[in-house]
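From first to last, the protein sequence lines stand for chains W and H. In the numbering used here, each number is its position in the first sequence, counted from 1, plus 14. In the numbering used here, each number is its position in the second sequence, counted from 1, plus 560. See below for the structure under consideration.
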Amino acid sequence: MFNVDRRLKFPSALILCLHYPACLLVMAALSEEVLLVVKRVRQRKQDGTLYLMTERIAWGPEGKDRFTVSHLYADIRCQKISPDGKSKIQLQLVLHTGESTTFHFANESTALKDRDAAKDLLQQLLPKFKKKANKQLEEKNKMLQEDPVLFQLYKDLVVSQVISAEEFWASRLKLSSVEHSLSNNSKQEVGISAAFLADIRPQTDGCNGLKYNLTSDIIESIFKTYPAVKQKYAENVPHNLTEKEFWTRFFQSHYFHRDRINTGQQDIFSECAKQDEKGLKSMVVQGVKNPMVDLLSLEDKTLDEGYGSLTVGPNSSKTVKENSNSAIIKRFNHHSAMVLAAGLRKVDAPSDQASETSSTDGNSRDSDFFQPPIKKVKLQEAIEYEDLQNGSGPKTIALNLKKSDRYSHGPVPLQSHHYSTSQDIINSVSCIQEEISCYKPCLTRVMPSSAASSAITALSPGGLLMQAGTQQAVSQLVPTDVQSELKHLYTAAGELLRHFWSCFPVNTPFLEEKVVKMRSNLERFQSTKLRPFQEKIQREYLSTNLTSHLDEMIQAAYNKFHAWQTRRMARKT
Amino acid sequence: MASEDEVSLLVIVVDVNPIWWGQQAQREPEFNLSKCLDAVMVMANSHLVMTRTNKLAIIASHCQESHFLYPNKHWKAGDVAGDEVSSGSGDGKYELLSVANDLVAEEIRNLMARTQVKGHQTDTLLAGSLAKALCYIHRVSKELEAGQDMKSRILVVKAAEDCALQYMNFMNVIFAAQKQNILIDACVLDSDSGLLQQACDITGGLYLKIPQKTALAQYLLWVFLPDADQRSQLVLPPSVHVDYRAACFCHRNLIEIGYVCSVCLSIFCNFSPICTTCETAFKIPLPQMMKPKKKKLKTAN
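What follows is the structure in structure tokens.
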């Protein structure tokens with residue numbers, strides 16, 4: 015089986031790499047079938063030969079018969095080629111581990127052809143081996159990339175060998191594997207941007223030519239939206255035209271520029287235009303079956319004299335300008351309809367010809383949705399509002415509170431009130447009434463100056479009332495790197511303690527083993543991580559005892575383990 | 561440097577519980593209600609003088625009612641001129657201040673004169689006064705001119721003890737003030753008040769229990785006169801640690817760890833299988849008894 019390697023490569027994406035058992039990597043090259051040999055390939059400034067075999071790609075220097083560089087296709091993440099204009103024709107292989115190997119094709123005459131041949135072959139072979147990459151591995155990788163806290167925890171615990179990788183992932187993968195399988199099945203497909211044709215911005219070539227940059231995404235969008243074009247592509251490439259020629263013709267064609275006014279050129283795309291016209295006509299004829307949408311009411315109504323509306327009849331003659339306007343509008347509508355239809359078409363049934371052809375003309379599938387029973391349901395939904403009806407909700411049990419006055423009593427503990435007798439009350443009230451009845455504000459003698467100055471002293475920094483403010487917060491005394499290290503320690507300790515405490519009550523032998531293992535893990539954590547940290551802060555004269563709480567927690571775990579162990583011994587004897 | 565558009569409203573809620581103040585007058589004759597009111601007036605005048613656009617309200621919190629000492633319903637800022645010739649404030653004081661002071665004095669005299677002794681009503685109606693203050697602030701904020709901003713705060717001068725019965729109303733007032741961004745400051749004369757500590761903590765105000773009642777004016781001017789923006793620039797007494805522990809429903813002890821009924825959310829300090837408030841029965845799984853191993857059977861075989 016695979017050994018999971020714990021080494022992580024920084025700073026690029028961290029990946030757990032798979033190692034095949036060593037036996038496959040040995041010079042069993044001759045027994046494998048060689049698919050392609052390319053001479054005069056330089057790697058690291060050495061001349062040599064490149065061999066592409068069924069399961070791997072290898073390179074050996076000139077004159078020697080063993081391979082210095084050998085990569086399995088399963089290890090290769092992707093390949094890159096140098097851009098066309100460059101003098102050096104190179105092919106780069108990027109591995110899953112992040113390493114990359116570059117091959118320089120040095121044969122003057124055939125370099126480009128060689129490189130392209132190698133590239134094409136790799137393009138065909140790599141996808142076959144990619145699927146073998148461990149899906150779980152990718153998942154783990156993704157989790158670690160997304161959550162920096164988890165990544166830190168992983169580094170602290172697994173990389174420093176405090177706990178093993180399996181224990182680390184044991185509780186975590188359980189959570190995500192269920193969601194992952196669900197999400198895989200219901201992954202949403204990426205739709206087509208309605209502007210994809212506009213995104214191909216032509217660049218002037220310097221001398222009256224235009225250069226269009228087509229990526230595979232755009233090509234895919236074009237094929238999805240205009241299946242007619244896809245058909246033409248399948249028919250003509252690579253027999254009649256190369257890909258480049260096909261696309262050049264495409265952009266040159268009037269089909270693309272749509273000056274439909276004068277068709278008639280010998281064009282492979284004129285048929286496409288006719289198909290589109292047909293599709294558009296059938297769309298219009300079919301109309302929109304959704305009873306909620308009434309497109310026909312959106313006619314142009316202009317104002318007539320006297321503010322009545324004037325409907326322009328459909329048969330009125332149009333000027334030339336109006337004709338070209340309507341042509342553009344027709345094109346827009348058609349394009350949008352195709353984009354939408356492409357989105358609704360299911361891509362994962364390419365062999366299902368029937369479903370493909372049913373919407374190749376851009377008709378929306380609304381007609382399917384509005385068969386009678388579904389239509390009725392939809393109408394019902396639109397008419398009724400659930401919350402306006404006297405629906406009977408789920409049966410609930412009423413809450414009956416016997417002593418609800420308890421809630422209104424605040425968290426003021428019952429103190430012995432200062433009870434005054436009624437005589438006291440009467441006396442106080444009469445006293446105060448007497449006093450206030452002759453009250454005249456005397457604002458020049460509000461307080462003696464001695465009282466005022468003692469108040470000021472109390473309020474000044476260092477005074478009676480300001481004592482609490484002089485204590486600095488711990489966060490201000492401790493440097494930030496020590497703080498962050500402490501945080502990491504807490505997360506790591508928390509993780510270990512969580513594993514430890516989850517073993518109790520110890521019912522099964524598996525839990526017994528785990529408890530013992532976790533105890534030793536905690537010890538190891540204490541010795542490898544905690545002690546050095548404590549020594550470090552002692553050295554830096556940080557007098558606050560930052561790790562006492564951590565020590566307490568670990569000590570509590572030790573005590574519990576000890577108690578459990580003695581009980582177990584007692585039960586055995 | 562407040563602009564013309566920024567209005568600062570201060571509402572002072574003074575606890576004038578006649579029973580407490582009457583007893584206080586007998587305990588400490590040098591600091592009685594008159595002195596307290598003088599100090600509050602100094603504070604109020606200072607606030608009005610700080611900026612022309614500052615507004616003021618004073619509410620007296622009595623055990624029978626909450627009464628506005630200032631402003632008066634029947635008094636408008638305009639008609640000062642003819643009436644108060646005989647006010648006796650020939651000291652050239654800013655007229656607004658002298659009129660305000662006289663008004664307050666008259667109102668408190670009337671208030672105390674109509675006090676009636678009732679044995680069971682001995683607690684200060686503080687929650688009600690705070691609620692009136694909030695309503696007043698709300699009303700004034702509606703009467704602002706377009707483009708004017710208002711910042712308001714409430715200063716509570718508290719004398720008597722907390723009343724546990726007002727807890728719910730108090731908490732509602734505090735949360736309403738928090739929502740409206742109204743600060744509640746508290747200047748406590750005698751015994752610490754947990755409710756006011758919570759109020760100040762939640763709304764962001766200052767809580768201060770003063771050691772010397774005679775220097776009340778000094779404390780008020782030093783600590784409570786600056787408004788919220790200015791307080792960040794000043795060195796003021798640090799905030800008090802507030803005890804937010806809940807009290808259990810059975811004994812009213814303050815507890816840190818307890819049991820909460822999941823149906824009615826009542827808090828208990830001990831586990832009991834039936835919640836006494838909502839009478840729901842709870843089952844707690846008992847720890848499993850491990851079966852003793854049947855060694856004897858083995859040896860027999």
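We treat Cβ as the ideally placed atom computed from N, Cα and C, and that holds for glycine. In this text, all values refer to a predicted model and were calculated from it rather than measured experimentally.
Cβ of Tyr727(H) within 9 Å of Cβ of Cys747(H)?
-> no
CA-to-CA distance, Cys452(W) to Ser467(W), given in whole angstroms | If you draw a straight line from the Cα of Ser467(W) to the Cα of Cys452(W), it comes to about 30 Å.
Taking 9 Å as the cut-off, decide whether the C-beta atoms of Lys718(H) and Asp565(H) are in contact.
-> no
Quick one: measure Cβ to Cβ for Cys286(W) and Lys238(W), integer angstroms, because I've assumed they're closer than 8 Å.
-> Contact doesn't hold; Cβ gap of about 15 Å is too wide.
Let me know if Cys723(H) comes out buried or exposed under the rule of 16 or more other beta-carbons within 10 Å of its beta-carbon.
-> buried
Establish whether the CB of Met352(W) and some CB of chain H are separated by less than 9 Å.
-> no
Could you have a look at Thr116(W) and say whether DSSP puts it in helix, strand or coil?
-> strand
Using a Cβ-Cβ cut-off of 7 Å (strictly less than) and excluding sequence neighbours within five positions of Leu796(H), which residues of its own chain qualify?
-> The beta carbon of Leu796(H) sits closer than 7 Å to those of Leu766, Val783, all from its chain and outside the five residues before and after it, given in chain order.
How is the alpha helix (DSSP H) around Leu510(W) delimited, first residue to last?
-> Residues 494–515.
Mind listing which residues of the stretch 467–479 of chain W have their C-beta closer than 7 Å to chain H's C-betas, in chain order?
-> Ser468, Ala469, Ile470, Ala472, Leu473, Pro475, Leu478, Leu479
Smallest Cα separation from Ser751(H): which of Cys838(H), Leu657(H), Asp662(H), Ile770(H)?
-> Ile770(H)
Write down the C-beta distance between Val573(H) and Ala693(H) rounded to the nearest angstrom, noting that I regard them as a contact closer than 8 Å.
-> 6 Å
Short CB-CB distance (under 9 Å) between Gln708(H) and chain W = So no, Gln708(H) is outside the interface.
Whose Cβ in chain W lies nearer than 8 Å to the Cβ of Gly679(H)?
-> Ser436, Ile439
Met532(W) and Phe547(W) closer than 9 Å at C-beta | no
Could you give the DSSP three-state label for Tyr804(H): helix, strand or coil?
-> coil
Kindly identify the DSSP beta-bridge partner or partners of Gly74(W).
-> Thr63(W)
Helix, strand or coil: which one does DSSP assign to Lys454(W)?
-> coil
Close beta carbons around Ser689(H), own chain, < 6 Å, minus the five adjacent residues each side = Val573, Ile619, Ser621, Ser626
Is Ala72(W) closer than 9 Å to Leu105(W) when the C-beta atoms are compared?
-> no
Buried or exposed: Cys596(H), going by 16 or more other Cβ atoms within 10 Å of its Cβ?
-> buried
Taking C-beta pairs closer than 7 Å, name the residues in chain H that Glu537(W) reaches, listed in chain order.
-> Correct list: empty, because the minimum Cβ distance to chain H is about 28 Å.
Looking at the structure shown, is Val163(W) part of a helix, part of a strand, or coil, going by DSSP?
-> helix
Flag this pair as touching only if the stretch 500–507 of chain W and the stretch 538–545 of chain W have three or more C-beta atom pairs under 8 Å; answer yes or no.
-> yes
For the stretch 571–604 of chain H, which residues have a CB atom closer than 8 Å to at least one CB atom of chain W, in sequence order?
-> Pro578, Ile579, Trp580, Trp581, Gly582, Gln583, Ala585, Gln586, Asn592, Leu593, Ser594, Lys595, Leu597, Asp598, Ala599, Met601, Val602
Between the Cα of Lys78(W) and the Cα atoms of Gln60(W), Ser311(W), Ile388(W), which residue gives the shortest distance?
-> Gln60(W)
When the Cα atoms are used, what is the spatial distance from Ser534(W) to Ile714(H)?
-> Spanning the two alpha carbons is a distance of roughly 60 Å.
Beta strand (DSSP E) segments (min. 3 residues) lying fully within the stretch 580–622 of chain H | Whole beta strand (DSSP E) segments, 3+ residues: 615–621.
Excluding sequence positions up to five away, which residues of its chain have a Cβ less than 8 Å from the Cβ of Leu598(W)?
-> Because residue 598(W) is not part of the residues shown, which for chain W are 15 to 587, the question remains open.
Could you tell me whether any Cβ in chain H is nearer than 9 Å to the Cβ of Pro162(W)?
-> Taking Cβ atoms only, chain H never reaches closer than 9 Å to Pro162(W), which makes this a no.
Considering only the beta carbon of each residue, do Thr837(H) and Ser422(W) sit closer than 9 Å?
-> no
Alpha carbon to alpha carbon, how far is Ser442(W) from Phe842(H)?
-> 52 Å
Going by DSSP, which residues form a beta bridge with Ser296(W)?
-> Paired residues: none, contrary to the question.
For Asn830(H), does the count of other Cβ atoms within 10 angstroms reach 16, so buried, or fall short, so exposed?
-> exposed
Give the straight-line distance between the Cα atoms of Asn414(W) and Ile579(H), rounded to the nearest whole angstrom.
-> Rounded to the nearest whole angstrom, the CA to CA distance from Asn414(W) to Ile579(H) is 40 Å.
Extent of the continuous beta strand (DSSP E) to which Leu768(H) belongs = 767–769
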